[in-house]
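Chemist: Protein sequences, first through last, are from chains E and R.
Here the first sequence stands for residues 49 to 444, where the numbers follow our numbering.
Here the second sequence stands for residues 19 to 399, where the numbers follow our numbering.
We put the beta carbon where it would ideally sit given N, CA and C, even for glycine.
Below: one structure in structure tokens.
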Amino acid sequence: MQPGARALGTLALAAAAVLGREAETDRAPEVRGWRRRYFRRRCLSVMAVLARRVFDLHHQIPLTWVCLAKLTPHLGEQKRTTASLFCKLTIAAGGGGLEELPLVVSKKCVQELESRANTVHCLPEKQRTSVDGGPLTLEKVVCTLLDMGFSDVHINELLSIQPHASPQQLLDIISEFILLGVNPEPVYVALKKSPQLLKMPVVRVKKRSSYLRKLGLGEGKLKRVLHSCPEIFTMHQRDVDGVIHVLKEKCLFTVQQVTEILYRCPNVLQQDPNELEYKFQYAYFRMGIKHLDIVRTEFLKYSLTKIKQRHIYLERLGRYQTPDKKGQTQIANPLLKDIFRVSEAEFLAKTACSSAEEFVVFKKLLAREEEEVPESSMSKEVEGEEEEEDKDEEEL
Amino acid sequence: MAAPILRGVRELMRLVDFAPVPRRHRHKKKWAATEPKLPASRLALQNFDMTYSVQFGDLWPSIRVSLLSEQKYGALVNNFAAWDHVSAKLKQLSAKDFVSEAVSHWELEAQSGRSSTPPLAYSPNLRCFTFARGDVSRFPPARLGSLGVMDYYLMDAASLLPVLALGLHPGDTVLDLCAAPGGKTLALLQTLCCRNLAANDLSTSRTGRLQKVLQSYVPQDIRERNQVRVTSWDGRKWGELEGDTYDRVLVDVPCTADRHSLYEEENNIFQRSRKKERQMLPMLQMQLLAAGLLATRPGGHVVYSTCSLSHLQNEYVVQGTMELLANQYSIKVQVEDLSYFRELFVDTFCFFQSSQVGELVLPNLTANFGPMYFCRLHRLT
């Protein structure tokens, strides 16, 4: 309520300025609609603030609207007392003989309050938005967003993503992203994709972005990361650290390589660190791909299932060989981009030179093999033992 | 007095112990092995890559991936169990009896007169269930049926083709020259045509396994009535032992067992120590086939089969043996055309389209049976 009271003098100026601007600028009709609505609400709020100011001056009632509103939900059982307070209030306001509108509203409120308890909960919010000077920041936010280069449609959408979040929060988060060098369009897409970004405290966003800068994700690079993986901001710090730790300590990527990996395949952040390590080991030991190529081919962004399916299929077809320790193979391996970056149809036609039916069956068989690895090896051992026993018997 | 003697003895012992090995026995152990130690299955794969990529060309990758993936099975229904009940149960698993399907399809075509169909010569009474192309389901392991025998035998469905190709008639005397482990022998008995069945295998441990299979699948009285005779002789001498005797002879020779060699390390024929044996395989195969043909009565039939893709072990052996018999024994043998098998079972198996003598089932991922080569020979004189 403090800013509301302080802004009393400037309110009228702001309102006039808005009116004037509306008159002079010919915006699209929906924006005009927005403006008009805001203006109307602001007038109401101006009146409310004026009324409150008057009460304060009279010093008749120590309780203000906001305090009252804050109190009421907690004092559910003390409905009577609050109701009576309201009554006093209305009387006092009537005595003041100032504005009619808020008083009528408050009268209604009193009636509702007396009749039903649950309305108490929704009442304070109504009151608060009109009292806190919310519309003011909303208007400001819209202006700022327009200045930042968001289109009207996007602003509308952005505001509707989180109707309960305060516009100030929205503005803070968005401006943080803009500061990171992200264009309005990707910001809009990211926010649309993961609305939980808007719920985050600004401090955390700031902290996270500085952390990302430290990882080497400069302005331009962060843009891409945010675009394909907005969760990078909402994720738990522990999870981010886990992935970075695996990349640096377990997989022994250099700092630059880690940056490059985060830039090229940001979805590594969402992967399970253990699986990520396994994926690296699969690439390094099973497929014989060196660190640099893992980074360059964006290997880590593909799912392990896809990697295994395509690699093992090629290997069994005799079209891929794991290089020996000198990096030599007897046949020329296909390029990694021809294995993973292409669609399945293209992979089958150009790289594997095989039919889709066969690959479908192969995928089924491979899935079953993967499932049964521990079991089958055990059963094999058991069978082997049995056979040995048989032999022993026969020999005897 | 005693002490110096003892010392002297000790001295001597030490000398003996550390005496330098005679020069002719000394050898220098190599530190760096020049030849890397590879498991036999890897050696097998390398060998196949070298030979089959030449033999099959573009087909080889598809065969290779199939050989290295899980094979499919067929369930041979045991006619000595409650077979109709078993068949119904297998049908519930949405498996199909590929033999009866193929035959009924063939007869339908013959009735409509669309194709000039040769008379079908195949062994009767065989029911073998498989899952459709591309279906990777598995059969549950066979169980003991109500009649005290197992209800079905799980085997590579392609192994049934040599038995089908043998074309048994009721009352035939039959020889299975290399019978173990018993899948084909069991199939021969399932035709209910054998008056006499001689099952032989060189190795006693393998005939032991064959006996076990027969015990669990064939009731005691039938085994005796059918006069199933299991022996462990050298098959190469069968021509001298029982010449001109049998109506039908199945010669399912030992071979590189391509699928098996890629999986099992034990007894793998591609071990370095068995190189000589491997090189002599075609020779052994020729001798066995010759013995089988000699044991057949004139006018009788022989089916030669292997589970290898190599034409050195397939076509060349058949052609070589025919020449051998013609030259040494002046026995005329004729290869019979089995290309109608290709059409008959086109839905179940994937056949090699350009084999000159006999038929070859190629493994394919959608129908992962085989490899299985079979060739039917007719002894004329």
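1) Based on DSSP bridge pairs, tell me the residues matched to Leu-348 of chain E.
2) Is Tyr-391 of chain R close to chain E? Criterion is C-beta to C-beta, closer than 8 angstroms.
3) Where does Val-303 of chain E fall in DSSP's three states?
4) So, helix, strand or coil for Asp-169 of chain R, using DSSP?
5) Rounded to a whole number of angstroms, what is the C-alpha to C-alpha distance between Cys-146 of chain R and Thr-209 of chain R?
6) Taking buried to mean at least 16 other C-beta atoms within 10 Å of its own C-beta, is Val-117 of chain R buried or exposed?
7) Take Leu-86 of chain R as the anchor and find which of R:Gly-388, R:Thr-399, R:Cys-393, R:Leu-395 has the nearest alpha-carbon.
8) Within 10 angstroms of its Cβ, does Asp-355 of chain R collect 16 or more other Cβ (buried), or is it exposed?
9) Based on Cα-Cα distance, which residue from R:Ser-326, R:Ala-344, R:Tyr-170, R:Tyr-322 lies nearest to Val-15 of chain R?
10) Please classify Pro-381 of chain R as buried or exposed, where buried requires at least 16 neighbouring CB atoms within 10 angstroms.
11) Throw me the rounded Cβ distance for the Ile-209 of chain E and Pro-234 of chain E pair, which I believe falls under 8 angstroms.
12) Quick one: grab the DSSP three-state call for Val-336 of chain R.
13) Any beta-carbon of chain R closer than 8 angstroms to the one on Glu-405 of chain E?
14) With the cut-off set at 8 angstroms, would you say Ala-408 of chain R and Ala-113 of chain R are in Cβ contact?
15) Looking at chain R, is there any beta carbon in it that lies within less than 8 angstroms of the beta carbon of Glu-423 of chain E?
16) In whole angstroms, give me the CA-to-CA distance for His-275 of chain E and Phe-395 of chain E.
17) Quick check on Ser-402 of chain E: buried or exposed, where buried means 16 or more other Cβ atoms within 10 Å of its Cβ?
18) Between R:Thr-399, R:Leu-398, R:Met-390, R:Ser-291, which lies nearest to Ala-176 of chain R when the distance is taken from Cα to Cα?
19) Taking a contact to mean a Cβ-Cβ separation below 8 angstroms, would you say Leu-204 of chain R touches Tyr-170 of chain R in this structure?
20) In this structure, how does DSSP classify Phe-333 of chain E when only helix, strand and coil are distinguished?
21) Below 9 angstroms on C-beta distance, what does Arg-367 of chain E contact in chain R?
22) Which residue's Cα is closest to the Cα of Leu-215 of chain R: R:Cys-368, R:Gln-238, R:Leu-299, R:Gly-189?
23) Would you mind working out which of R:Gly-226, R:Val-83, R:Asn-386, R:Gln-352 sits nearest Cys-368 of chain R, comparing C-alpha positions?
24) Apply the 10 Å Cβ neighbour rule to Asp-174 of chain R and answer buried if 16 or more other Cβ atoms are within range, or exposed otherwise.
25) Quick one: using the 10 Å Cβ neighbour count with 16 as the cut-off for buried, is Ile-23 of chain R buried or exposed?
26) For Tyr-326 of chain E, is the classification buried or exposed, using 16 other Cβ atoms within 10 angstroms of its Cβ as the cut-off for buried?
27) Say yes only if the C-beta of His-187 of chain R is nearer than 7 angstroms to one or more non-hydrogen atoms of the ligand SAH, and no if none qualify.
28) Give the list of continuous beta strand (DSSP E) stretches no shorter than 3 residues that lie fully inside the stretch 244-277 of chain R.
29) Counting contacts by CB-CB distance shorter than 8 angstroms, is Glu-392 of chain E in contact with chain R?
30) Counting only Cβ-Cβ distances shorter than 8 angstroms, please list the residues of the stretch 271-294 of chain R near chain E, keeping chain order.
31) Answer with yes or no whether the minimum CB distance from Arg-364 of chain E to chain R is below 8 angstroms.
32) If we call anything under 8 angstroms between Cβ atoms a contact, is Leu-342 of chain R one with Leu-268 of chain R?
33) For the stretch 152-172 of chain R, which residues have a beta carbon sitting closer than 7 angstroms to at least one beta carbon of chain E?
34) What residue from R:Pro-199, R:Gln-374, R:Met-168, R:Thr-314 has the CA that sits closest to Arg-224 of chain R's CA?
35) Counting pairs of beta carbons, one from the stretch 276-291 of chain E and one from the stretch 307-322 of chain E, are three or more of them closer than 8 angstroms?
36) How would you list, in chain order, the residues of chain E whose beta-carbon sits under 7 angstroms from the beta-carbon of Asp-239 of chain R?
Modeler: Let me spell this out:
1) Sequence index remark: in the first sequence, residue 348 of chain E carries index 300 (1-based). When DSSP reads this structure, Leu-348 of chain E sits in no beta bridge, so it has no partner.
2) Taking the first residue of the second sequence as position 1, residue 391 of chain R is located at position 373. Cβ-Cβ to chain E under 8 angstroms: no for Tyr-391 of chain R.
3) To locate residue 303 of chain E, count along the first sequence from 1; it is residue 255. DSSP places Val-303 of chain E within a helical segment (H, G or I) once states are collapsed to three.
4) In the second sequence, residue 169 of chain R corresponds to position 151, counting from 1. The answer is coil: DSSP assigns Asp-169 of chain R none of H, G, I, E or B.
5) Within the second sequence, numbered from 1, the residue matching residue 146 of chain R stands at position 128. Within the second sequence, numbered from 1, the residue matching residue 209 of chain R stands at position 191. Spanning the two alpha carbons is a distance of roughly 12 angstroms.
6) The residue labelled residue 117 of chain R in the question sits at position 99 within the second sequence. Classification of Val-117 of chain R: buried, given that the 10 Å Cβ count is 16 or more.
7) By one-based count along the second sequence, residue 86 of chain R stands at place 68. If we check each option's Cα against that of Leu-86 of chain R, R:Gly-388 comes out closest.
8) Here the question's residue 355 of chain R lines up with position 337 in the second sequence. Looking at its Cβ environment, which holds fewer than 16 other Cβ atoms inside 10 Å, Asp-355 of chain R is exposed.
9) Since the displayed chain R opens at 19 and closes at 399, residue 15 of chain R lies outside it and no answer follows.
10) If you number the second sequence from 1, residue 381 of chain R lands on position 363. With 16 or more Cβ atoms within 10 Å of its Cβ, Pro-381 of chain R is classed as buried.
11) Position 161 of the first sequence, counted from the start, is the residue given in the question as residue 209 of chain E. Position 186 of the first sequence, counted from the start, is the residue given in the question as residue 234 of chain E. About 15 angstroms separates the beta carbons of Ile-209 of chain E and Pro-234 of chain E, which is beyond the 8 angstroms limit, so they are not a contact pair.
12) Working through the second sequence from its first residue, we reach residue 336 of chain R at position 318. Of the three classes helix, strand and coil, the one that applies to Val-336 of chain R here is helix, per DSSP.
13) Taking the first residue of the first sequence as position 1, residue 405 of chain E is located at position 357. Cβ-Cβ to chain R under 8 angstroms: yes for Glu-405 of chain E.
14) Not covered by the structure: residue 408 of chain R. The range shown for chain R is 19 to 399.
15) Position 375 of the first sequence, counted from the start, is the residue given in the question as residue 423 of chain E. Reliability of the predicted coordinates at Glu-423 of chain E is poor, the pLDDT of 49 falling under 50, and the value obtained from them is presented with this limitation in mind. For Glu-423 of chain E, the answer is no, since every Cβ of chain R falls outside 8 angstroms of its Cβ.
16) Looking up residue 275 of chain E in the first sequence gives position 227. Looking up residue 395 of chain E in the first sequence gives position 347. Straight-line Cα distance between these residues: approximately 27 angstroms.
17) If you number the first sequence from 1, residue 402 of chain E lands on position 354. Counting Cβ neighbours within 10 Å, Ser-402 of chain E comes out buried, since at least 16 surround it.
18) One-based indexing of the second sequence puts residue 176 of chain R at position 158. Measuring from the Cα of Ala-176 of chain R, the nearest candidate turns out to be R:Met-390.
19) For the purposes of this step, residue 204 of chain R is identified with residue 186 of the second sequence, where counting begins at 1. For the purposes of this step, residue 170 of chain R is identified with residue 152 of the second sequence, where counting begins at 1. Going by C-beta atoms, Leu-204 of chain R is not nearer than 8 angstroms to Tyr-170 of chain R.
20) The count along the first sequence starts at 1 and reaches residue 333 of chain E at position 285. Here Phe-333 of chain E sits in helix by DSSP.
21) Indexing the first sequence from 1 puts residue 367 of chain E at position 319. Ordered by position in chain R, the residues that pass the 9 angstroms Cβ test against Arg-367 of chain E are Pro-79.
22) Walking along the second sequence from the start, residue 215 of chain R turns up at place 197. Nearest option by C-alpha distance: R:Gly-189.
23) Counted from its first residue, the second sequence places residue 368 of chain R at position 350. Among R:Gly-226, R:Val-83, R:Asn-386, R:Gln-352, the Cα nearest to that of Cys-368 of chain R belongs to R:Asn-386.
24) The residue labelled residue 174 of chain R in the question sits at position 156 within the second sequence. Asp-174 of chain R counts as buried, since no fewer than 16 other beta carbons sit within 10 angstroms of its beta carbon.
25) Along the second sequence, read from residue 1 onward, the residue named residue 23 of chain R stands at position 5. When all chains shown are included, Ile-23 of chain R counts as exposed.
26) Mapped onto the first sequence, residue 326 of chain E falls at position 278. By the 10 Å Cβ count, Tyr-326 of chain E comes out exposed.
27) Inclusion of the ligand SAH in the displayed structure is not the case, the ligand content being empty and no account of it being possible.
28) Here the runs fully enclosed are 246-249, 264-270.
29) In the first sequence, counting from the first residue as 1, residue 392 of chain E sits at position 344. No - not a single Cβ of chain R is within 8 angstroms of the one on Glu-392 of chain E.
30) Answer set for the stretch 271-294 of chain R: Glu-284.
31) Taking the first sequence and counting its residues from 1, the one referred to as residue 364 of chain E is at position 316. Interface residue, yes.
32) The sequence position of residue 342 of chain R within the second sequence is 324, counting from 1. The sequence position of residue 268 of chain R within the second sequence is 250, counting from 1. The beta carbons of Leu-342 of chain R and Leu-268 of chain R sit no closer together than 8 angstroms.
33) Cβ contacts with chain E come from Gly-152, Val-154.
34) On the second sequence, residue 224 of chain R is found 206 positions in, with the first residue counted as 1. If we check each option's Cα against that of Arg-224 of chain R, R:Pro-199 comes out closest.
35) Counting C-beta pairs with one atom in each stretch, the stretch 276-291 of chain E and the stretch 307-322 of chain E have three or more that are closer than 8 angstroms, which means they touch.
36) For the purposes of this step, residue 239 of chain R is taken as the residue at position 221 of the second sequence. Under the 7 angstroms cutoff, chain E gives no residues; its nearest Cβ is about 27 angstroms from Asp-239 of chain R.
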